[in-house]
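Chemist: If you count by this note's numbering, then the sequence shown holds residues -9 to 334, one letter each, in order. No residue lacks a Cβ here, since even glycine has one placed at the ideal position from N, Cα and C. These numbers come from a predicted model, not from an experiment. Here it is, the structure in full.
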Amino acid sequence: MMAGWSKAAPSGAHTKPLKLMAGVAMLVLLTAPNFPSPSNPAGAADDVLAAMPAGLAGELDKLTVQPSALLDTGISSAEERNARIPFVNTSSGNARPFHAGSAGTATYRTALHCLTEAIYYEAANESMAGKRAVAQVILNRVAHPAYPSSICGVVYQGWTDPVCQFSYTCDGSLARRPLQHLWEQSGEVAKAALRGHVEQAVGTATHYHADYVLPYWAYRLEKVYAEGRHIFYRFPGQAGRSVRFSARWNAKEHYPVFDQQHRNTLDADRSDGMSEALPAHLQRIPSERRADNDIGGRMDPAAGWKLSIPDPVSASKSLQSALEQQHTQASASPEITAPGTPLP
């Protein structure tokens, strides 16, 4: 994502980078439009990066793997600090409608599954508007030259690395079955998005985070929308304008094959670097491999971009409730969900 952003807050703000192993729920995704591919895809990406402020392009490449993603809010709560950041009052245009082709194809079914998963695990307890907003951010990333050009590629970006974009893809959450009514809601939102629905309130947002955490980049991006517990952001200036979202969906949707041995190795390596000096509400178990500024909208970023999220943050009461329901309704023999598997 982009390297070289200053981690300092605006002048006068009393903050300091807090080196965390805990993740921040925020989302950076692409829109996958169905319009002509640029004649020079590489050149299109260069144009987008050139339009970004100095240092922002490099930061995009590393945004989700930086160890200092969160800011110490001092005596003020994250909610209070977030509320002080103003919304921008200018439009960057809307995303173009996304169309995933025929609903009967394997590609469509895989794209639908990946998008439904992301909506469920990131926003199951959000309103329908909140779910649509998360879906739009994912599609916005698909359309941006800086990110993968498929829905599954965006959702599973980095899942085999020491950190992953969406923590639910690498922390074992997929081993538990979802709640049927919330899964069905998420699926309906995903279907509408793949049929061309555009959530205009989100605009060209590519990032979001929960309001009870404060990532340093909240001061660098443009705050455009809030829904439920999530705050949405777009790239500043020309970089966030809709004309810059020129990538074409590649129609190559693949569900990754999980390698438990590889995951266990990463978990073991990760545990060696766990900080014992973190506040209790930010500590997590070694098997949680989310990025410190996990860009997903899951309601419990500090517990672990994840189906079973261990030790949720107490501030996320709605997530805690959902997990308790999920636990009681989980099947006796957990299975990893995969395309074509009846859910739940």
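Report buried or exposed for K242, applying the criterion of at least 16 other Cβ atoms within 10 angstroms of its Cβ.
Modeler: exposed
Chemist: Is the beta carbon of E69 sitting closer than 8 Å to the one on D201?
Modeler: yes
Chemist: Since F222 sits in a beta bridge, which residues does DSSP pair it with?
Modeler: Y198, Y215
Chemist: Residues in its own chain within less than 6 Å of E116 by CB, not counting five upstream and five downstream?
Modeler: G218
Chemist: Taking L184 as part of the alpha helix (DSSP H), name the residues at either end of that continuous run.
Modeler: 170 to 184
Chemist: Measuring CA to CA, which of A114, N240, R74, Y206 is closest to E178?
Modeler: A114
Chemist: Quick one: what does DSSP say L204 is sitting in, helix, strand or coil?
Modeler: coil
Chemist: Excluding the 5 residues flanking P138 on each side, which residues of the same chain have their C-beta closer than 8 Å to its C-beta?
Modeler: L20, R131, V132, V144, Q147
Chemist: Check whether the Cβ of V78 lies closer than 8 Å to any Cβ atom in chain C.
Modeler: Protein chain content of the structure displayed is limited to a single chain, and chain C is not contained in it.
Chemist: Just mark S92 as buried or exposed, buried being the case when its beta carbon has 16 or more other beta carbons within 10 Å.
Modeler: exposed
Chemist: Can you find the residues in the same chain that come closer than 7 Å, C-beta to C-beta, to N240, ignoring five residues on each side of it along the sequence?
Modeler: Around N240: S139, S140.
Chemist: Rounded to whole angstroms, how far is the Cβ of V188 from the Cβ of P76, which I believe are closer than 8 Å?
Modeler: Between P76 and V188 the Cβ distance is about 25 Å, and since that is not below 8 Å, they are no contact.
Chemist: Could you spell out the range, first to last residue, of the alpha helix (DSSP H) harbouring Y146?
Modeler: Annotation: Y146 is outside any alpha helix (DSSP H) and is labelled neither H nor E by DSSP.
Chemist: Using the Cβ count rule (16 or more neighbours within 10 Å means buried), how would you classify H220?
Modeler: Buried is the call here.
Chemist: Nearest-angstrom Cα distance between A216 and P205?
Modeler: 15 Å
Chemist: Would you mind stating whether V214 and F225 have Cβ atoms separated by less than 8 Å?
Modeler: no
Chemist: Taking 8 Å as the cut-off, decide whether the C-beta atoms of L102 and A180 are in contact.
Modeler: yes
Chemist: Hey, is S176 close to the ligand SAM, as in C-beta under 7 Å from one of its heavy atoms?
Modeler: Ligands in the displayed structure: none, and consequently the ligand SAM is not present.
Chemist: Report the partner residues of L105 according to the DSSP bridge assignment.
Modeler: For L105, which the question treats as bridged, DSSP gives no partner whatsoever.
Chemist: Less than 8 Å separating the beta-carbons of Q126 and A85?
Modeler: The answer is yes: Cβ separation under 8 Å.
Chemist: Alpha carbon to alpha carbon, how far is S67 from Q228? Give it in angstroms, no decimals.
Modeler: 32 Å
Chemist: Where do the N-terminal and C-terminal ends of the alpha helix (DSSP H) with E69 fall, by residue?
Modeler: 68 to 74
Chemist: Determine the burial state of V203: buried for a count of at least 16 other Cβ atoms within 10 Å of its Cβ, exposed for fewer.
Modeler: buried
Chemist: Let me check understanding here. Comparing Cα to Cα, which of K121, A191, Y98, H171 lies closest to I109?
Modeler: K121
Chemist: What number of angstroms, rounded off, separates the C-alpha of G83 from the C-alpha of A73?
Modeler: So the alpha carbons of these two residues sit roughly 24 Å apart.
Chemist: Taking the CB atoms as reference points, tell me whether T196 and S232 lie closer together than 8 Å.
Modeler: no
Chemist: Taking only the alpha-carbon atoms, compute the straight-line gap between M96 and Y245 and give it to the nearest angstrom.
Modeler: The sequence given here has Ala at residue 96, not Met. Roughly 11 Å separates the two Cα atoms.
Chemist: Less than 8 Å separating the beta-carbons of V412 and E212?
Modeler: Outside the displayed span of the chain (-9 to 334) sits residue 412, for which this structure offers no information.
Chemist: Can the beta-carbon of L105 be found less than 8 Å from the beta-carbon of L184?
Modeler: yes
Chemist: In whole angstroms, what is the alpha-carbon distance linking T100 and P135?
Modeler: In this structure, the straight-line span from the alpha carbon of T100 to that of P135 is close to 22 Å.
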